[in-house]
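Presented below is the structure to which this report refers.
Numbering (the numbering used here), first residue to last: -17 to 351.
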């Protein structure tokens, strides 16, 4: 019997199978996907002390000749080592040093770098000074460390590479989010839009609500955290009407909402960050076979147009109302976009992403000693 190939899966935090945020969902799903495509996964995760002990074990195994096809790592949303309480085991360099040791041992290393939000002024305003400056210093230190510690820096989109230091850009490759393919047949009647996600300043959707309320037949369901809605619902007081409902659900509770929807919504106020952001919810809509309406000029809008899985329109109420009324009057376009979404979604599963990583890192040449 042929032994399963082995790989190392590293994250500088504890995996949470019950995560509801994109940053928590992605590593859990990808770890599972590597197993699904046939790998024996050797995991490094947990607290500083737990990771330290596990990395020691794996360093010993590598020195003793244990073969690993590659290492896949995901960076935290915080600088490496700062996402947990400080203890005697705390180290800001140990995780990257481990990746570097694997690479020097001839094991290809790929790392997913999820976010560059810390470079934007909004980050400093949210975090406050001088804390933002300290964190930015550590983010930059991580990127410097990756130059010798990893072969590939995977990004949600290649547009994000423009925000990396010049020295890191040759390492960049695209590895967008994904989803599982879940059958979710929309009702035969009506025209329901569904949005799941945040409702803070970063996710402004007043024009979306206004456009639905002005339509002839469409409805909109917004699913968001209760506390977040309580802090932001005042922005919608002038636009909310009988065609819009707001609910607070998560996990398996979302499935009936997907089943009731005809279209997933990513129609939000455009900002610079959204020009290169690849939202997980885009792929979750797609995984449920739902066509998508997105803001023109965003990465999500381009993806929707290029794949024929929906519509990219200006972020205005009039543009949305016109589209919805057209779809209500002539539903063939909606049926065609739905059929296309159900076809395309199989190219964007977590298993497909895991295969991409395995194939990509298989072609990496060992670094020159």
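Glycine included, each C-beta is placed from N, C-alpha and C at the ideal position.
Predicted, not measured: the structure shown is a model, and the values here were computed from it.
Tell me which residue opens and which closes the alpha helix (DSSP H) that residue i is part of.
{"i": "residue 30", "result": "30 to 45"}
{"i": "residue 334", "result": "332 to 344"}
{"i": "residue 171", "result": "Taken as a continuous stretch (DSSP letters only), residue 171 belongs to no alpha helix (DSSP H), as it is neither H nor E."}
{"i": "residue 286", "result": "281 to 289"}
{"i": "residue 49", "result": "Unbroken run through residue 49: none, as it is neither H nor E."}
{"i": "residue 202", "result": "It is not in any alpha helix (DSSP H) - residue 202 instead sits in the beta strand (DSSP E) that spans 201 to 205."}
Does residue i come out as helix, strand or coil in the three-state DSSP assignment?
{"i": "residue 54", "result": "strand"}
{"i": "residue 97", "result": "coil"}
{"i": "residue 115", "result": "helix"}
{"i": "residue 165", "result": "coil"}
{"i": "residue 177", "result": "strand"}
{"i": "residue 190", "result": "helix"}
{"i": "residue 312", "result": "coil"}
{"i": "residue 262", "result": "helix"}
{"i": "residue 320", "result": "helix"}
{"i": "residue 250", "result": "coil"}
{"i": "residue 271", "result": "coil"}
{"i": "residue 306", "result": "helix"}
{"i": "residue 136", "result": "strand"}
Between residue i and the ligand FAD, is there a pair consisting of the residue's CB and a ligand heavy atom that are separated by less than 7 Å?
{"i": "residue 39", "result": "Within the structure as shown, the ligand FAD is missing, as the structure has no ligands at all."}
Would you mind giving the Cβ-Cβ distance between residue i and residue j, rounded to the nearest angstrom? I have them listed as a contact below 8 Å.
{"i": "residue 247", "j": "residue 175", "result": "5 Å"}
{"i": "residue 160", "j": "residue 334", "result": "7 Å"}
{"i": "residue 272", "j": "residue 321", "result": "Not really, about 12 Å apart at Cβ, beyond 8 Å."}
{"i": "residue 154", "j": "residue 173", "result": "The Cβ separation is near 40 Å, so there is no contact."}
When you compare only the Cα positions, how much space is there between residue i and residue j?
{"i": "residue 22", "j": "residue 15", "result": "11 Å"}
{"i": "residue 283", "j": "residue 292", "result": "9 Å"}
{"i": "residue 140", "j": "residue 24", "result": "29 Å"}
{"i": "residue 152", "j": "residue 169", "result": "47 Å"}
{"i": "residue 257", "j": "residue 344", "result": "31 Å"}
{"i": "residue 208", "j": "residue 10", "result": "25 Å"}
{"i": "residue -2", "j": "residue 28", "result": "10 Å"}
{"i": "residue 363", "j": "residue 35", "result": "Absent from the model: residue 363. The displayed extent of the chain is -17 to 351, so no value can be given."}
{"i": "residue 238", "j": "residue 227", "result": "14 Å"}
{"i": "residue 326", "j": "residue 303", "result": "27 Å"}
{"i": "residue -12", "j": "residue 73", "result": "27 Å"}
{"i": "residue 143", "j": "residue 150", "result": "8 Å"}
Over what stretch of residues does the beta strand (DSSP E) that includes residue i continue unbroken?
{"i": "residue 72", "result": "Careful: residue 72 lies outside any beta strand (DSSP E) and carries neither H nor E."}
{"i": "residue 22", "result": "22 to 26"}
{"i": "residue 156", "result": "154 to 156"}
{"i": "residue -9", "result": "-12 to -8"}
{"i": "residue 12", "result": "Taken as a continuous stretch (DSSP letters only), residue 12 belongs to no beta strand (DSSP E), being part of the alpha helix (DSSP H) at 4 to 18."}
{"i": "residue 228", "result": "226 to 229"}
Skipping 5 residues on each side, what residues in its chain have a beta carbon closer than 8 Å to that of residue i?
{"i": "residue 59", "result": "5, 65, 96 and 97"}
{"i": "residue 8", "result": "56, 94, 96, 159 and 262"}
{"i": "residue 186", "result": "217, 250 and 251"}
{"i": "residue 254", "result": "102"}
Excluding the 5 residues preceding and the 5 following residue i in the sequence, name in chain order all residues of the same chain whose CB lies nearer than 7 Å to its CB.
{"i": "residue 267", "result": "246 and 274"}
{"i": "residue 315", "result": "309"}
{"i": "residue 89", "result": "50, 52 and 53"}
{"i": "residue 221", "result": "188, 191, 192 and 195"}
{"i": "residue 147", "result": "125"}
Can you find the residues in the same chain that come closer than 6 Å, C-beta to C-beta, to residue i, ignoring five residues on each side of it along the sequence?
{"i": "residue 206", "result": "181"}
{"i": "residue 80", "result": "37"}
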